[in-house]
Amino acid sequence: MDKEKIMERALALARRGAGRVSPNPMVGAVIFKGATIISEGYHHYFGGDHAELDALKKAGKRAEGASMAVNLEPCSHSGKTPPCVESIVRYGIKEVLAGGRDPNPLVAGKGFAYLRRHGVRVQSGIMKEACAFLNRAFISVHSRKRPWVVLKEGLSLDGRIASYTGNSKWITNPKARLFAHRLRYESDMVMAGAGTFRKDRPSLLPYLIKAARHPLGYPARCVVSKSGLFKTCGKLVDSESPFFIAHIAVKRPASAENSKSGHERIYSKNLNNLLEFFAEKGYNQILIEGGGGLAGSLFDAGLVDEIYFIYAPIVIGGKNAVAAVAGRGQELVKNAVVFSENRIFALDDNFVFHGIRTTGKRKKGTS
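Take any residue in the sequence shown, note its place counting from 1, add 403, and you have its number in our numbering.
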């Protein structure tokens, strides 16, 4: 069977775990002999069977002498489940095709080494880029020690997220708002600035998504305040997920204090320090949902990794209307933040620009 085709199937299976497996990676596995697929599996939820064991249990004795395609190196350590490499050897798999090495220091090549020691052929790097892209948030936490940051904005054609009076409901259409809730569901935390909370009192929960909930509950939520004066409200705290208030630029190390009102206050010297703190707590991906001040601060600090800008076919106008991205900004256009791997798609009469930040600069001649 074509190696890339079988890996594409493993990736498709892995995506089914989106929003349910974090802080673990999304993994899919396919067991096959020649051109015949014997069984398939994926990591359904955090704490459940890993993809490899899911597929092996379905295959049973038919797994002996077969090959397995998996988008990430099988684990070699015990956690909530036994090491996958031991199950692979025990079931008699003869060959493993993998997308890439697991960046988790507990694995990081040890899984491949175990398999080879026990006579299993290993080929890694099949569709390496696609496999790494799927688990970019998981990789970010282990390689950069901070979560993957996704910025979502609903804005007008002239880049405004509210009028000069602060009115913002609704700029985007219902289908776009449902899409935004899907992004919430697939993230570990939803974060917004204090101004957004004061004005809109959003729940930041993916309540429009009818899919089965993450076993650990809905995504955590965090409000970022620079004044240290933010006060919470019952709608935010008395719900089904953790709630944090983060105070930035205070003279104390990153730490958390429990509150009697059901939230945690975090004190951090800057946004990067805050993100590192959340990475240590197991938050792989953070979705930013406003406002312009927080978005601008994250851009200024070089901390935005991915964007979904959802445009409505309207022009709000006004020099005092609220911009999607504030902050200090760039003095020179040539130093502007560049996005690549871009795609544009429609949500009824709205359209979405989706891009990944690149570390390079704009190509010469770009207008």
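All residues carry an ideal CB built from backbone N, CA and C; glycine is no exception.
The beta carbon of residue 712 is closer than 6 Å to those of 556 and 756 in its chain, skipping five residues each way along the sequence.
By the beta-carbon neighbour count (other beta carbons within 10 angstroms, threshold 16), residue 431 is buried.
For the 8 Å CB-CB criterion, residue 435 and residue 469 form a contact. The straight-line gap separating the alpha-carbon atoms of residue 483 and residue 427 is approximately 11 Å. In this structure, DSSP gives residue 712 an extended state, which the three-state scheme calls strand. A straight line joining the alpha-carbon of residue 537 with that of residue 414 spans about 8 Å. The Cβ atoms of residue 694 and residue 595 lie closer than 8 Å to each other. Where residue 460 is concerned, there is no enclosing beta strand (DSSP E), although the alpha helix (DSSP H) around it starts and stops at 454-462.
Going by DSSP, residue 410 is part of the alpha helix (DSSP H) stretching over 406-418.
Note: residue 556 is bridge-paired with 712 in the DSSP secondary-structure output.
If you draw a straight line from the Cα of residue 758 to the Cα of residue 433, it comes to about 30 Å. Bridge partners of residue 748 according to DSSP: 755. Under the three-pair Cβ rule at 8 Å, the region 566-583 does not count as touching the region 525-534. A Cβ-Cβ contact shorter than 8 Å links residue 611 with residue 581. Bounds of the beta strand (DSSP E) holding residue 442 are 439-445. With 16 or more other Cβ atoms inside 10 Å of its own Cβ, residue 692 counts as buried. DSSP links residue 564 through a beta bridge to no other residue. Note on geometry: alpha-carbon atoms of residue 486 and residue 452 lie some 10 Å from one another.
Around the beta carbon of residue 439, a 10 Å sphere encloses fewer than 16 other beta carbons of the protein chains shown; the residue is thus reported as exposed. Spanning the alpha carbons of residue 496 and residue 521 requires a straight line of approximately 10 Å. Beta-carbon to beta-carbon, residue 476 and residue 515 are separated by about 6 Å, close enough to satisfy the 8 Å threshold. Residues of the same chain with a CB within less than 8 Å of the CB of residue 578, apart from the 5 flanking positions on each side, are 750, 751 and 753 in chain order.
Around the C-beta of residue 507, 16 or more other C-beta atoms lie within 10 Å, and the residue is accordingly described as buried. Assigned with DSSP and collapsed to three states, residue 467 falls in coil, not helix or strand. In its chain, beyond the 5 residues on either side, 587, 607, 622, 624, 690 and 692 have a beta carbon closer than 7 Å to the beta carbon of residue 593.
If you look at residue 498, you'll find it in the beta strand (DSSP E) that goes 498-501. DSSP links residue 742 through a beta bridge to 760. If you draw a straight line from the Cα of residue 609 to the Cα of residue 448, it comes to about 18 Å. Between the alpha carbons of residue 644 and residue 408 lies a distance of about 39 Å. With respect to the 8 Å criterion, residue 554 and residue 710 are classified as neighbours on the basis of their beta carbons.
Residue 423 sits in coil when the DSSP states are folded into three classes, being neither helix nor strand. When secondary structure is reduced to three states using DSSP, residue 729 falls in the coil class, being assigned neither helix nor strand. Following the DSSP letters along the chain, one finds residue 670 inside the beta strand (DSSP E) bounded by residues 667-671. DSSP lists 650 as the bridge partner or partners of residue 628.
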